[in-house]
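All residue numbers for the sequence shown refer to our numbering, where the first residue is 8 and numbers rise by one.
Just so it is clear, CB atoms sit at the ideal spot from N, CA and C, and this is done for glycine as well.
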Amino acid sequence: MSRARRKPSVTQRILLVDDHPMIRACLSQLIAAEQDLTVCGEAESAPQALELALRTRPDLVILDLALKDSHGLDLIRDLRERVPAAAILVVSMHDAHLHAERALRAGASGYIEKQEATRDIMHAIRTVLEGGIYLSHPMIRHLAESLTAKSRPSPALPVELLTDRELQVFELLGRGQSTRDIARRLRLDIRTIETYRARIKEKLDLKSGFELLQQAIRWVEAGQVTPDES
Numbered sequence: 008m009s010r011a012r013r014k015p016s017v018t019q020r021i022l023l024v025d026d027h028p029m030i031r032a033c034l035s036q037l038i039a040a041e042q043d044l045t046v047c048g049e050a051e052s053a054p055q056a057l058e059l060a061l062r063t064r065p066d067l068v069i070l071d072l073a074l075k076d077s078h079g080l081d082l083i084r085d086l087r088e089r090v091p092a093a094a095i096l097v098v099s100m101h102d103a104h105l106h107a108e109r110a111l112r113a114g115a116s117g118y119i120e121k122q123e124a125t126r127d128i129m130h131a132i133r134t135v136l137e138g139g140i141y142l143s144h145p146m147i148r149h150l151a152e153s154l155t156a157k158s159r160p161s162p163a164l165p166v167e168l169l170t171d172r173e174l175q176v177f178e179l180l181g182r183g184q185s186t187r188d189i190a191r192r193l194r195l196d197i198r199t200i201e202t203y204r205a206r207i208k209e210k211l212d213l214k215s216g217f218e219l220l221q222q223a224i225r226w227v228e229a230g231q232v233t234p235d236e237s
């Protein structure tokens, strides 16, 4: 599977987007060791990443889904629209079984979990830069099963029933964000967030806002998402 994109230059340019300086430093060091790759910029937020991408026109954007000011899925969609020639590789702590398919639908060309990155990051970068799709073997098997009608499994967890936006709201609730905070962060009306909350409660079969909050906190504490350190 491949995506058409512009022919890369001799030295291919990579933009790093992660709100953890140490992660950016590690990735930058790995990339610097490759003669035909260079880091053309680093960003810690979605607005900064989009501005740098428009200015530097990278061949590849490596980004995390957990950003301080927004969700990485929104940034992927913005990059696909504004900088369509750039490939996108997600390197994240988020559970791949829940988030990889969502990232690909948003426009990413690859997904790798941070615990795999040290071993496989260069293979992932090369695959995506060559126009391919990078996923781990277990993730490929999981996606293949989910796309096969006869063997399509029921969601392993009720959370898998949530849409991308509902999942974002659920995660932010688990991080202690109020409805008003979430509305400001996602640039949505408070009433819209309240509607999402109601849908989440219905899908997860929760009876009250308190149960919703408890479930969201447990979800974050279980390590299913990266806690917000902002």
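What is the rounded straight-line gap between the Cα of Leu168 and the Cα of Ala115? Put simply, the backbone Cα of Leu168 is about 21 Å away from that of Ala115.
How many angstroms separate the CA atom of Arg64 from the CA atom of His101? Rounded to whole angstroms, Arg64 and His101 show a C-alpha spacing of 27 Å.
Reducing DSSP to helix, strand and coil, say where His78 ends up. strand
Are at least three pairs of beta-carbons, each pair with one atom in the segment 20-29 and one in the segment 37-45, less than 8 Å apart? Taking a contact to require three or more Cβ pairs closer than 8 Å, the segment 20-29 and the segment 37-45 qualify as touching.
For Ile95, name the three-state secondary structure that DSSP assigns. It is a strand residue.
With distances taken from CA atoms, which of Thr199, Val24 and Ile224 is nearest Glu178? Ile224
Anyone know if the C-beta pair for Arg204 and Val227 falls short of 8 Å? Judged by their CB atoms, Arg204 and Val227 are not nearer to each other than the 8 Å cut-off.
By how many angstroms is the C-alpha of Arg192 removed from the C-alpha of Ser185? Taking C-alpha positions only, Ser185 is separated from Arg192 by approximately 10 Å.
Cα-Cα separation between Ala53 and Tyr118, rounded to whole angstroms: 18 Å
First and last residue of the uninterrupted beta strand (DSSP E) at Leu46: Strictly speaking, residue 46 in this sequence is Val, with Leu absent from that position. First-last of the beta strand (DSSP E) with Val46: Leu44 to Ala50.
Check for me: the beta strand (DSSP E) holding Ile69 runs from which residue to which? Ile69 -> beta strand (DSSP E) spans Leu67 to Leu70.
For Asp121, which of Glu88, Leu70 and Arg109 has the nearest alpha-carbon? Inspection of the sequence shows that residue 121 is occupied by Lys rather than by Asp. The shortest Cα separation from Lys121 among Glu88, Leu70 and Arg109 belongs to Leu70.
Can you say whether Gln36 is buried or exposed, counting buried as having 16 or more other CB atoms within 10 angstroms of its CB? exposed
What is the DSSP secondary structure of Leu23, reduced to helix, strand or coil? strand
Selected residue, minimal CA-CA separation from Leu219, among Val166, Thr170, Leu195 and Asp196: Val166
Take Asp25 and list the residues in its own chain whose beta-carbon comes closer than 6 Å to its own, dropping the five residues that flank it on each side. Arg31 and Asp71
Would you identify the three-state DSSP class for Ala39, choosing helix, strand or coil? Three-state result, Ala39: helix.
Determine the direct distance from the alpha carbon of Ala110 to that of Ala103, and round the result to whole angstroms. 9 Å
Using 10 angstroms around the beta-carbon of Gln222, count the other beta-carbons present and answer buried if the total reaches 16, otherwise exposed. buried
Return the residue from the list Asp81, Ile189, Leu174 and Leu96 that minimises the CA-CA distance to Ser143. Leu96
Within the continuous alpha helix (DSSP H) that includes Glu209, where are the two ends? Ile197 to Lys210
Nearest-angstrom Cα distance between Arg84 and Val90? Arg84 and Val90 have their C-alpha atoms spaced approximately 10 Å apart.
Let's test the definition: count the other Cβ atoms within 10 Å of the Cβ of His78 and tell me whether it reaches 16, buried, or not, exposed. buried
Please state whether DSSP places Ala73 in a helix, a strand or coil. strand
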